[in-house]
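*Asks:*
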Amino acid sequence: MRAVERVFREEYGRVVASLVRRFGDIDVAEEAAGEALVAALEKWPDTGVPPNPGGWLTTTAGNRAIDRLRREGQRDAKHQAAVMVYDDTPHEPTGPVEDDRLRLLFTCCHPALAPEARVALTLRLLGGLSVAEIAQAFLVPETTMGQRITRAKKKIAAAHVPYRVPAAADLPERLGGVLTVLFLIGNEGYLASGEGAPLRTDLMDEAVRLARQLRRLLPDEPEVAGLLALLLLLEARRDARVRDGQLVTLADQDRAGWDRALIAEGHGLVRECLATGRPGRFQVLAAINAVHTDAPSAQDTDWSQVVALYDQLLRFDPSPVVALNRAVAVAELDGPEVALALVDRLPLEGYHAWYAARADLLRRLGRSGEARDAYDAALAATRNSAERAYLQRRRGELV
Amino acid sequence: MAHYLLSVHGPAERGEFGDYGSREAMEEAFAATGAFNEELKTSGYWVFAGGLEPAATATVVDGRGEAPVLSDGPYLETKELIGGFWVVDVPDLDVALSLAAAGSKACRGVVEVRPFEGVA
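Protein chains in written order, with UniProt numbering: chain U, 1 to 399; chain Z, 1 to 120.
#1: Leaving aside the five residues before and after residue 320 of chain U along the sequence, list all residues of the same chain whose C-beta is less than 7 Å from its C-beta, in chain order.
#2: Can you name, in chain order, every residue of its own chain whose Cβ lies under 7 Å from the Cβ of residue 18 of chain Z, other than the five neighbours on each side?
#3: With H, G and I counted as helix, E and B as strand and the rest as coil, what does DSSP make of residue 6 of chain Z?
#4: In the DSSP assignment, find the unbroken beta strand (DSSP E) run with residue 51 of chain Z in it and report its ends.
#5: Have a look at residue 155 of chain U and residue 12 of chain Z and give me their C-alpha separation to the nearest angstrom.
#6: Can you tell which of U:111, U:391, U:126 has its C-alpha closest to the C-alpha of residue 105 of chain U?
#7: Taking the C-alpha atoms as reference points, what is the distance between residue 123 of chain U and residue 103 of chain Z?
#8: Shortest alpha-carbon distance to residue 241 of chain U belongs to which of U:222, U:199, U:285, U:206?
#9: In this structure, how does DSSP classify residue 116 of chain Z when only helix, strand and coil are distinguished?
#10: What residues of chain U sit near residue 2 of chain Z, judged by a beta carbon separation below 8 Å?
#11: Classify residue 243 of chain U as helix, strand or coil using the three-state DSSP reduction.
#12: Scan the segment 100 to 126 of chain U for residues whose Cβ lies nearer than 7 Å to a Cβ of chain Z and list them as they occur along the chain.
#13: According to the Cβ coordinates, are residue 92 of chain Z and residue 2 of chain Z closer than 8 Å?
#14: Using the C-alpha atoms, what's the distance from residue 49 of chain U back to residue 3 of chain U?
#15: Distance check for residue 283 of chain U and residue 273 of chain U, CA to CA, integer angstroms please.
#16: Does any C-beta atom of chain U lie closer than 8 Å to the C-beta of residue 70 of chain Z?
#17: Look up residue 401 of chain U in the DSSP assignment and say whether it is helix, strand or coil.
#18: Which residues in chain U sit within 7 Å of residue 93 of chain Z, going by Cβ to Cβ distance?
#19: Using 8 Å as the limit for Cβ to Cβ distance, is residue 6 of chain Z near chain U?
#20: Pull up the distance between the alpha-carbon of residue 30 of chain Z and that of residue 45 of chain Z, whole angstroms please.
#21: Could you check whether the Cβ of residue 115 of chain Z sits closer than 8 Å to any Cβ belonging to chain U?
#22: Apart from the five residues on each side of it in sequence, which residues of its chain come closer than 6 Å, Cβ to Cβ, to residue 387 of chain U?
#23: Considering only C-alpha positions, which residue in the set U:331, U:336, U:324, U:337 is nearest to residue 352 of chain U?
#24: Using the beta-carbon of each residue, which ones in chain Z are nearer than 9 Å to residue 166 of chain U?
#25: Quick check: the segment 356 to 374 of chain U against the segment 76 to 86 of chain Z, are there 3 or more CB pairs under 8 Å?
#26: Take residue 276 of chain U as the anchor and find which of U:221, U:235, U:301 has the nearest alpha-carbon.
#27: Return the chain-ordered list of same chain residues with a C-beta closer than 7 Å to the C-beta of residue 10 of chain U, the five sequence neighbours on each side being excluded.
#28: With distances taken between CB atoms, is the gap from residue 99 of chain Z to residue 10 of chain Z smaller than 8 Å?
#29: Please classify residue 192 of chain U: is it buried, with 16 or more other beta-carbons within 10 angstroms of its beta-carbon, or exposed?
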């Protein structure tokens, strides 16, 4: 990816969040951020990327927004926003945390918005993902996703959804949606759904950063600690997960390439959660990853503990995706035949990880023809370049 | 500040005690709603509120033609109708939602919160 696009992706959430605070209007913020990108694309190839690209983009976008609001200053709704530009009275206190992105996150995750819209809107506004990429991640048509995002933005404006972190008393009930959205952003960073970079490090960094802020805000919420631990333990394995453009599975990763400091921090958080004794979905997910990162090698993994943790996870999240991951662990404990029977029962047609898991189990059972078909189906279902390269190699190794 | 309609929905058909199961329950709900109305006025969010007569008392008027056409009954055939409402003027949706929660508890009904596009 070109430097300009990479910088823009990394800075998008910060630029948009700061413009939303300043102008109080998501559409104005997005349009101005887009114009700033065009300006950067014109200018930076000649002048080079400025030393503080985020500041450059925010300033440029702010100026573009003011120009636009001046031009359209006669119209009522925009006039209001234009007045704000010249209004030098201080902003009202915005809540317990002074961070634009966290405020925008809580706005996107407002309970008045439909759950699927919350995630999509957050990925769009904070992650800078295109509507097409979000549609791909959710396996829905692009037009559907576009309408969902437009409707949510319209509701925020028309219903006056406040742009702030809610008061401390309201935080716990808003938390579930926010944690889910951060988890999904982390997932997209861990294995991107689109055709660009296979790992979206900018998204994972953002998810970790926001999770750390949430933890400062809510130090006694074990699920916040659990989510942070989970993200850290995923992030710790980042450098070992792709080699020569190919995805490297957990079993084949060079464990010396794992980030020990992040693992230690993640394990500390998991121990803290265990001591609290109020388990939840993200704590259990973190515990599973703690078992993996604890083992000196894949063979030394305590698979019975992993399966037991997945059993516990199914009580919090009885989804077929969790059942699929459990089956993959069962394969290590009870063999591929038992696992395949479990996998085949799951309604995950169209899901790349389901085909990939089937392909691997069929390969281990020596059922090469069926494995080949499953690899083909997995290849058809993913656009991630590193995953495709891995699947192609595996398919080619079949005899 | 922004205006919201907080509308209470209930069955189209009302029994002897309105939407409530007994006289006691009805009186309790009326008392709680009265107290909630007082709070709204004290807080400065109050614009207007009222309970509506049963939907069977409605008359629909179509004045689009040369002579108005009147028909008996409500506009929509439905099992659920608006039974009453508040109009409030509050800083944002969060305040409207917390008032709706208190109003719902007081009147024992589900409340829909809907922003006004503008107020004439």
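In this text, a Cβ means the ideal position worked out from N, Cα and C, and glycines have one as well.
*Replies:* In brief:
#1: So the list reads 346, 347, 348, once near-sequence residues are dropped.
#2: 26
#3: strand
#4: 46 to 51
#5: 29 Å
#6: U:126
#7: 35 Å
#8: That would be U:199, whose Cα lies nearest to the Cα of residue 241 of chain U.
#9: coil
#10: 160
#11: strand
#12: 112
#13: Yes, the pair counts as a contact, with Cβ atoms nearer than the cut-off.
#14: 8 Å
#15: 7 Å
#16: no
#17: The structure shown does not extend to residue 401 of chain U, since chain U is modelled only from 1 to 399, so the question has no answer here.
#18: 112, 159, 160, 161, 162
#19: no
#20: 20 Å
#21: yes
#22: 247
#23: Checking every option, the nearest Cα to that of residue 352 of chain U belongs to U:324.
#24: 94
#25: The segment 356 to 374 of chain U makes no contact with the segment 76 to 86 of chain Z; the number of CB pairs closer than 8 Å stays below 3.
#26: U:221
#27: 202
#28: no
#29: buried
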